[in-house]
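Asks: I have a structure here, written as structure tokens, and I will follow up with some questions on it.
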Amino acid sequence: PGNASLDLAVEVAWEEGAEVVVTATDFNGHEAEVRRITGLSELPSGGTRVHLDAPLTYAHFSGVEFHGDAGRSVEMRAKVGILSRNVVFKGLGEGEERPYTEWNSAAAGALAVGG
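Heads up, the sequence shown is in the working numbering, so the first residue is 106 and it goes up one at a time.
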């Protein structure tokens with residue numbers, strides 16, 4: 106908690122002012138957070154540092170855990186996604202009471218989040 110920047114493992118071409126979401130890494134899905142980008146800088150490792158408009162409220166785990174005698178590693182990191190782009194999912198609506206095309210028209214501008 107309290108971090109006002111995120112270090113991403115990859116380079117991104119996001120813009121200042123765009124909104125990002127940081128997923129929860131705890132069992133409480135309500136700890137996902139949305140922030141606005143105030144700046145971007147390149148990391149020496151080749152990734153990107155994303156500067157945020159406000160510090161994060163919750164802890165978001167980022168690390169590697171080793172399990173078993175074989176020392177298998179599991180990368181466990183919060184996901185960071187850009188929210189300022191539009192994505193539309195359309196289906197045929199076969200077998201549905203209300204066709205997807207009708208639902209898409211009724212839900213224009215809505216954001217659906219599954220949990």
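The beta carbon of each residue, even a glycine, is placed where N, CA and C say it ideally should be.
Going by C-alpha distance, which of Ala137, Leu111, Pro106 is nearest Ser146?
Replies: Of the listed residues, the one whose Cα sits closest to Ser146 is Leu111.
Asks: Jot down the residue ranges of each uninterrupted beta strand (DSSP E) in the stretch 158-182, minimum 3 residues, whole runs only, in chain order.
Replies: If we require 3 residues or more, the beta strand (DSSP E) runs fully inside the stretch 158-182 come out as 167-172, 177-182.
Asks: I need the DSSP call for Gly144, collapsed to helix, strand or coil.
Replies: It is a strand residue.
Asks: Tell me which residue opens and which closes the beta strand (DSSP E) that Ser110 is part of.
Replies: Run containing Ser110: 110-113, per the beta strand (DSSP E) assignment.
Asks: Does DSSP put Glu136 in a helix, a strand or coil?
Replies: Glu136: helix per DSSP, three-state reduction.
Asks: When you compare only the Cα positions, how much space is there between Arg140 and Val169?
Replies: Taking the straight line joining both Cα atoms gives about 25 Å.
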